[in-house]
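Data block below; observations after.
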Amino acid sequence: MKAASDTWVITRRNLLVMLRTPGALLLSLAQPVVFVLIFAYIFAGSFVVPDGAGPSAYREYMMPGFFAQTIAFVTASISSISTATDIKLGMVDRFRSLPMSRGALLSGRSLADLVQNLFFITVMVLCALIVGWRIHHGFLRAAAAFAVLLLMGYALSWVGVLIGLSVEGPEAAAGSNFLWLFPLTFLSNAFVAPSSLPAVLRPVAEWNPLSATVQSLRELFGNPNLTSLPDAWPAQHPIVVSVGWSVAIAVLCRTLAVRRYRSIGA
């Protein structure tokens, strides 16, 4: 109970920091809105779709990929930069001097990211509905899709926390995110079919955690695939693969982050 109480205090503190920096919040919200407009009205017209399917079909095809990409970028960036900033400003040393749970600082960061992701997903869904994206398989399957998306975001927040604890400062944290986020998001099925990639990269795209999440969203939302699914096991069982990847990443990165946190200043 004490650890849960400490975690809630840190979570509330991180959410208050977000609310008291409205400029950063608005800029973070502007990014997904701009991405929706770019992908819906620029890429949709240039993407080659099967006969009988127009740009509206591609909008529904790409929205799950856009949801996953945005949550990955926003979550990892906020968690890593915020963690590195707390270390640089001495907040971590202050928390370590208090009689509180060792893991509360890190767990509070990841839970605050989870709440922020709910806010970002709401904004993205509203924008997607405006440009023509729809849910076709009912409320329960849509809720399951959002749960899969939030679980992936929670897992990636631990990746960001680990990076924030490992680099020298917030600037280094911001730069290091691009080294793994771009391959993760673009070497996937988010916007193009893995079959269009070189043969050596197809297995990487098929087993990419983001690919499994995107394919899960398309199935649960009822959005079109536009291309035939590969015979690879992850493409045929995307929900199982996505949940498995998210749990494994969260457990591994949390373990490493707590170990790293305990070694800071030791």
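In the UniProt record's numbering, the protein residues as written are 1 to 266.
Even glycine gets a Cβ: it sits at the ideal position worked out from N, Cα and C.
Since this is a predicted model, take the numbers as computed values, not measurements.
Checklist line | Cα-Cα separation, Asp51 to Pro32 | finding: In this prediction, Asp51 has a pLDDT of 48, which is less than 50 and means its spatial position is unreliable; what the coordinates show is noted afterwards. Computed Cα separation, rounded: 30 Å.
Exercise for review: Less than 8 Å between the CB atoms is what I'm expecting for Leu105 and Ile10, so what's the real figure, rounded?
Suggested key: 6 Å
Would you kindly check if the distance between the Cβ of Asn117 and the Cβ of Leu151 is under 8 Å? no
- Rounded to the nearest angstrom, how far is the Cβ of Gly169 from that of Ser80, given a contact under 8 Å? About 11 Å separates the Cβ atoms of Gly169 and Ser80, ruling out a contact at the 8 Å cut-off.
* **Cα-Cα separation between Leu16 and Ala112, rounded to whole angstroms** => 10 Å
Cβ neighbour criterion (16 or more within 10 Å) applied to residue 284: Missing from the structure shown is residue 284; the chain here goes from 1 to 266 and no further.
Q) If you run the structure through DSSP and keep just helix, strand and coil, what is Asn14? A) Three-state DSSP puts Asn14 in a helix.
Query raised in the report: Is the CB-CB distance between Leu29 and Val131 below 8 Å?
Result: Contact: no.
Exercise for review: Can you say whether Trp233 is buried or exposed, counting buried as having 16 or more other CB atoms within 10 angstroms of its CB?
Suggested key: exposed
Three-pair Cβ contact test at 8 Å for the region 61-76 versus the region 178-190:
yes
Excluding the 5 residues flanking Phe39 on each side, which residues of the same chain have their C-beta closer than 7 Å to its C-beta? Correct list, in chain order: Met62 and Phe66.
Check: Just to confirm, are Pro64 and Val214 a CB contact at a threshold of 8 Å?
Finding: Yes.
### Message
Just to check my reading of the structure: Val161 and Thr83 have Cβ atoms closer than 8 Å, yes? What is that Cβ distance to the nearest angstrom?
### Response
The pair is a contact, with the Cβ atoms about 5 Å apart (cut-off 8 Å).
* Within the same chain, show all residues whose beta-carbon is closer than 7 Å to that of Ser166, passing over the 5 residues directly before and after it, in chain order. => Arg260
Alpha carbon to alpha carbon, how far is Ser188 from Glu206? Give it in angstroms, no decimals. 7 Å
Limits of the alpha helix (DSSP H) - the one that Pro183 falls within = Pro170 to Phe186
In whole angstroms, what separates the C-alpha of Ala76 from that of Thr255? 17 Å
request  = Output the boundary residues of the alpha helix (DSSP H) element that contains Gly103.
outcome  = Premise fails: Gly103 is in no alpha helix (DSSP H) and is neither H nor E.
For this session: Would you mind giving the Cβ-Cβ distance between His137 and Leu19, rounded to the nearest angstrom? I have them listed as a contact below 8 Å.
Result: Rounded, the Cβ-Cβ distance is 35 Å, inconsistent with contact.
Point to revise | Beta-carbon contacts of Ile135 that lie in its chain and below 6 Å, excluding the five residues immediately before and after | key: Ala142 and Phe221
inquiry  = For Ile264, count the other beta carbons within 10 Å of its own beta carbon; 16 or more makes it buried, fewer makes it exposed. Which is it?
reply    = Result: exposed.
Q) Over what stretch of residues does the alpha helix (DSSP H) that includes Ala145 continue unbroken? A) Gly138 to Ser166
- Query: So Ile239 and Val148 are in contact, right, with Cβ under 8 Å, and what is the actual spacing, rounded?
  - Reply: 7 Å
Given Glu60 as reference, the closest of Cys253, Leu129, Lys2 and Gln236 once Cα atoms are compared: Leu129
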